[in-house]
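For the record, the sequence lines run as chains A and B.
Per my numbering, residue 707 is the first one in the first sequence, and the count goes up by one each step.
Per my numbering, residue -11 is the first one in the second sequence, and the count goes up by one each step.
Just so it is clear, CB atoms sit at the ideal spot from N, CA and C, and this is done for glycine as well.
Accompanying notes for the structure given below.
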Amino acid sequence: MDFLRPASWEEALAAKAEHPTAVPIAGGTDVMVEINFDHRRPDYLLDLNRIGDLYEWEVGEESVRLGASVPYTRIMENLRAELPGLALASHTVASPQIRNRGGVGGNLGTASPAGDAHPALLAAGAEVEAESVRGTRLIPIDDFYTGVKRNALAPDELIRAVHVRKADGPQQYSKVGTRNAMVIAVCAFGIALHPATRTVRTGIGSAAPTPVRARAAEEFLDAALDEGGFWDNGKIITPSVARQFADLCAASCNPIDDVRGTASYRRHAVGVMARRTLTWTWESYRGTTQQKGSVA
Amino acid sequence: MRVNFTVNGRPQEADDVWEGESLLYVLRERLGLPGSKNACEQGECGSCTVRLDGVPVCSCLVAAGQAEGREVVTVEGLADHARQRDLGTACGTSLDEARRWAAKGQDSRTGEGAELSPVQQAFIDAGAVQCGFCTPGLLVAADEMLEHNPNPTDADIREALSGNLCRCTGYEKIMDAVRLAAARQSEAV
Chain A
707 MDFLRPASWE EALAAKAEHP TAVPIAGGTD VMVEINFDHR RPDYLLDLNR IGDLYEWEVG
767 EESVRLGASV PYTRIMENLR AELPGLALAS HTVASPQIRN RGGVGGNLGT ASPAGDAHPA
827 LLAAGAEVEA ESVRGTRLIP IDDFYTGVKR NALAPDELIR AVHVRKADGP QQYSKVGTRN
887 AMVIAVCAFG IALHPATRTV RTGIGSAAPT PVRARAAEEF LDAALDEGGF WDNGKIITPS
947 VARQFADLCA ASCNPIDDVR GTASYRRHAV GVMARRTLTW TWESYRGTTQ QKGSVA
Chain B
-11 MRVNFTVNGR PQEADDVWEG ESLLYVLRER LGLPGSKNAC EQGECGSCTV RLDGVPVCSC
49 LVAAGQAEGR EVVTVEGLAD HARQRDLGTA CGTSLDEARR WAAKGQDSRT GEGAELSPVQ
109 QAFIDAGAVQ CGFCTPGLLV AADEMLEHNP NPTDADIREA LSGNLCRCTG YEKIMDAVRL
169 AAARQSEAV
């Protein structure tokens, strides 16, 4: 095994181009487990810890450009206003020790269906900034996950950052596990209301071969909210609408039975989380619109 | 490969390190610092918690090469670390201290006579140690929390220690110990 220690992003790209099988290691919270247990013996480890750029973020007009290695702890502390869904998801990651090391770049690189960040990214809307010596491209998050632990990266590409759309409305994140800390999601659900476009987006984790959006549920809810004038009148969402949304979210899962839970439990739990998080976000939206109304 | 880094204020050099080796392995097997414990090797238990450039991490998940040029504090250095924090000084020994230095008796088997950090003393006084395997990780994590949160709520303590598993105590005595350390710390100020 060789340990490659590029001191700059350019050096890292050059190393990845020269050794496409090199395994990037940043927080190490996935890679080191595989090495410790002898599940993986890469020829090259590509250490990204010395590349300071990866630990920075920029808050722009429309989105936050989040460096691939920004630890979950930093996201929780600094980006709760801009990226509330991702901040909530970050807080559910493992333990303080792991959150101090791990970041969204690693979650994307590993592309496990159980990665905690994925539902929040899918719901908020995001693009993955992938770069190689050939150039940079932005991969829409909807096209990024291609299979179980597979993603759209080319062998010579590294993840530089992820561009996450800033919240324009309430967001929520929910995760099912046996305890609060140190839990791989049995299943997880992210939701983001987008009042600017009058749309709702979702993300589901650990309930299909890849993280997925519940598109049929989103389309149904968009239409139902529009039809009832809900975005304007700020009324409580009709229980039948919430139930139908929950059922459609559950139906968009394609889960398996495993040690953490059965497929039918996962489907059920996703439905429950969908209904609850919709209620929470909608209550929050109604609160803000009513406040604005009273001011005007 | 060779790895150079600082451990508990002293520059260290580890040779013939395998590229896939963890920081934990280097600390225990190459530098003779067995305080950080090796249990799960997958970041689940927190027994191997150390400070890496001040931040608590699972040393089993840090590749040894990633520690190059960085500063590590282990449980063995906790007393020194706490003392220097209290004095507000950087690492090192002042001329005056050096002049006054004298060897003190210390039982290498029981640790009798060794200087302890306040959080270590609190663990002993509160009876928060049973088998002791999780203790070093808990000490490092608790000490770090008290460094930036001197008056933690119970929820703060639980969250800060949520990455450290103890199979003996049921955590109640550990909670007592951290509360005790916090109380003593605020009295001292």
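Exercise. Counting contacts by CB-CB distance shorter than 7 angstroms, is isoleucine 741 (chain A) in contact with chain B?
Worked result: yes
Exercise. By the criterion of Cβ-Cβ separation under 7 angstroms, what are the contact partners of threonine 37 (chain B) in chain A?
Worked result: Gln803
For this session: Alpha carbon to alpha carbon, how far is alanine 130 (chain B) from threonine 908 (chain A)? Give it in angstroms, no decimals.
Result: About 37 angstroms.
Exercise. Do the CB positions of valine -9 (chain B) and glutamate 32 (chain B) come within less than 7 angstroms of each other?
Worked result: no
Exercise. Which bits of chain A does methionine -11 (chain B) rub up against, with CB to CB less than 7 angstroms?
Worked result: Phe709, listed in chain order.
Exercise. With 7 angstroms set as the bound, which would you pick, yes or no: does the beta-carbon of methionine 888 (chain A) sit closer than that to a beta-carbon of chain B?
Worked result: yes
Exercise. Does DSSP put aspartate 753 (chain A) in a helix, a strand or coil?
Worked result: strand
Exercise. Cβ of isoleucine 731 (chain A) within 7 angstroms of Cβ of alanine 51 (chain B)?
Worked result: yes
Problem set entry | Supposed contact pair alanine 948 (chain A) and arginine 981 (chain A) - C-beta distance, whole angstroms, cut 8 angstroms | 5 angstroms
For this session: At 3 residues or longer, and completely inside the segment 708 to 744 of chain A: list those beta strand (DSSP E) runs for me, N to C.
Result: 708 to 710, 729 to 731
Exercise. Under the three-state reduction of DSSP, which class applies to isoleucine 910 (chain A): helix, strand or coil?
Worked result: It is a strand residue.
For this session: Give the range of the beta strand (DSSP E) segment to which valine 38 (chain B) is assigned.
Result: 37 to 40
Exercise. Can you tell me whether serine 1000 (chain A) is buried or exposed, with buried defined as 16 or more other CB within 10 angstroms of its CB?
Worked result: The pLDDT assigned to serine 1000 (chain A) is 48, lower than 50, so where the model puts this residue is not dependable, and the model offers no usable value.
For this session: May I ask you to verify whether the segment 839 to 849 of chain A touches the segment 789 to 798 of chain A, counting CB pairs closer than 8 angstroms and requiring at least 3?
Result: no
For this session: Indicate whether at least one CB of chain A lies closer than 7 angstroms to the CB of serine 47 (chain B).
Result: no
Exercise. How far does the beta strand (DSSP E) with threonine 816 (chain A) in it reach, from first residue to last?
Worked result: From DSSP, threonine 816 (chain A) is part of no beta strand (DSSP E) but of the alpha helix (DSSP H) over 810 to 816.
Problem set entry | Within chain B, the residues that glycine 875 (chain A) reaches when beta carbons sit closer than 7 angstroms | Neighbours of glycine 875 (chain A) on chain B: none; closest Cβ ~28 angstroms, over 7 angstroms.
Exercise. In three-state DSSP terms, what is leucine 66 (chain B)?
Worked result: helix
For this session: Identify which residue in A:Ala957, A:Pro846, A:Ser775 has its Cα closest to the Cα of alanine 867 (chain A).
Result: The shortest Cα separation from alanine 867 (chain A) among A:Ala957, A:Pro846, A:Ser775 belongs to A:Ser775.
Exercise. Should lysine 941 (chain A) be labelled buried (16 or more other beta-carbon atoms within 10 Å of its own) or exposed?
Worked result: exposed
Exercise. What span of residues does the alpha helix (DSSP H) with threonine 779 (chain A) cover, start to end?
Worked result: 778 to 784
Exercise. Are any of the Cβ atoms in chain B nearer than 7 angstroms to that of isoleucine 942 (chain A)?
Worked result: no
Exercise. For glycine 853 (chain A), which of A:Asn960, A:Ala830, A:Gly967 has the nearest alpha-carbon?
Worked result: A:Asn960
Exercise. Should phenylalanine 743 (chain A) be labelled buried (16 or more other beta-carbon atoms within 10 Å of its own) or exposed?
Worked result: exposed
For this session: Please work out which residues of its chain come closer than 7 angstroms, Cβ to Cβ, to proline 819 (chain A), disregarding the five sequence neighbours upstream and downstream, and give them in chain order.
Result: Val854, Gly911, Ser912, Ala914, Pro915, Thr916, Pro917
Exercise. Counting only beta-carbon atoms, is proline 44 (chain B) nearer than 7 angstroms to chain A?
Worked result: Flagged as an interface residue toward chain A: proline 44 (chain B), by a C-beta distance shorter than 7 angstroms.
For this session: Could I get the ranges of all uninterrupted beta strand (DSSP E) runs contained in the segment 3 to 56 of chain B, with 3 residues as the minimum, in chain order?
Result: 37 to 40, 43 to 46
For this session: Throw me the rounded Cβ distance for the valine 770 (chain A) and glutamate 788 (chain A) pair, which I believe falls under 8 angstroms.
Result: 5 angstroms
Exercise. Whose C-alpha, out of A:Leu760, A:Arg746, A:Thr727, is nearest the C-alpha of glycine 733 (chain A)?
Worked result: Sorting A:Leu760, A:Arg746, A:Thr727 by C-alpha distance to the C-alpha of glycine 733 (chain A) places A:Leu760 at the top.
Exercise. So glycine 811 (chain A) and isoleucine 865 (chain A) are in contact, right, with Cβ under 8 angstroms, and what is the actual spacing, rounded?
Worked result: 5 angstroms
Exercise. Would DSSP call glutamate 147 (chain B) helix, strand or coil?
Worked result: helix
Exercise. Given leucine 168 (chain B), which residues of its chain have a CB within under 7 angstroms of its CB, disregarding the five upstream and five downstream residues?
Worked result: Ala110, Asp113, Ala114
Exercise. Within 7 angstroms (strictly less), CB to CB, does asparagine 806 (chain A) reach chain B?
Worked result: yes
Exercise. If you run the structure through DSSP and keep just helix, strand and coil, what is aspartate 944 (chain A)?
Worked result: Note on residue identity: the sequence assigns threonine, not aspartate, to residue 944 (chain A). In the three-state reduction of the DSSP assignment, threonine 944 (chain A) falls in the coil class, being assigned neither a helical nor a strand state.
Problem set entry | histidine 69 (chain B) versus glycine 758 (chain A) - alpha carbon distance | 27 angstroms
Problem set entry | Proximity test, Cβ basis, 7 angstroms: glutamate 135 (chain B) and chain A | Output row for glutamate 135 (chain B): interface = no.
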